[in-house]
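Residue numbers for the sequence shown follow UniProt numbering, beginning at 1 and rising by one. Even glycine gets a Cβ: it sits at the ideal position worked out from N, Cα and C. Here's the structure we're looking at; comments come further down.
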Amino acid sequence: MLRSPSSSEAAPFPTLVPRLLLIGGGAGLVAAFVLTIEKIALLKDPDYVPSCSINPVLSCGSIMRTPQAELFGFPNPLLGIAAFAIVATVGAALLAGARLPRWFWLGLQAGVTAGVVFVHWLIFQSLYVIGALCPYCMVVWAVTVPVFWYVTLRNLPPASGIARRLTTYHSVPLTVWFLVLVAMIGVRFWTYWSTLL
């Protein structure tokens, strides 16, 4: 059961969470904005080569032309612009001393949970359906998962044993996630990577 600490309870990571929200939200916002600019350029000129199309594997252009890039009928980066602007604003507000009510934290939890599910769907699509990677998208992956993780840890009941263990070893699941993702990318595109060795 998720909760938002009352003023008398100490939320875990009181400085890390606001900073992560601000920095992660800012990085995600920049990546989503650049992707939107690249998508507009591609719509204007079908022969345009996006700045993030570097080689056959790191190829934003091939991803931008797929149905997965517009899951809800409009470019996915537009979702990122809205979502990451909210995340960064929440981080800035917390750093400025704002105290947010429980309903707000639960709403943020719902948002970051939806974001992390969407990101994992996009990872699967990139690796195993489209067969290409977008560097700016990977920035989004790299910030969404930590934002989700630390917002979740902050909202867990502090008295529960699992919350204490996860808070104590908070970096382990994130490290494992990043290592697994790097391994998946390495294995999936090994044929290409091996030609560079």
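Between the Cα of Arg19 and the Cα atoms of Gly97, Arg65, Gly73, which residue gives the shortest distance? Gly97
By DSSP, does Leu58 sit in helix, in strand, or in coil? strand
Backbone CA spacing between Tyr150 and Ser62 [nearest angstrom]: 33 Å
Between which two residues does the alpha helix (DSSP H) containing Gly111 stretch? 102-124
Using three-state DSSP, classify Leu156 as helix, strand or coil. coil
Starting from Ser171, trace the alpha helix (DSSP H) in both directions and tell me its first and last residue. 171-188
On the three-state DSSP scale, how would you describe Leu71? coil
Have a look at the DSSP bridge pairing and note the partners of Leu133. Leu58
Taking C-alpha atoms, which residue in Gly111, Ser53, Ala159, Pro101 lies nearest to Leu35? Ser53
Please classify Pro77 as buried or exposed, where buried requires at least 16 neighbouring CB atoms within 10 angstroms. buried
Taking Cβ to Cβ, would you say Leu79 is nearer than 8 Å to Leu21? no
Tell me, please, whether the segment 122-130 touches the segment 184-195 by the rule of three or more beta-carbon pairs shorter than 8 Å. yes
Ala92 lies in the alpha helix (DSSP H); which residues open and close that run? 76-95
Where does Ser53 fall in DSSP's three states? strand
Can you tell me whether DSSP reads Phe148 as helix, strand or coil? helix
Under a Cβ-count criterion, where at least 16 other Cβ atoms within 10 Å of its own Cβ denotes burial, should Tyr192 be classed as buried or exposed? exposed
For Met64 versus Lys39, is the C-beta spacing smaller than 8 Å? yes
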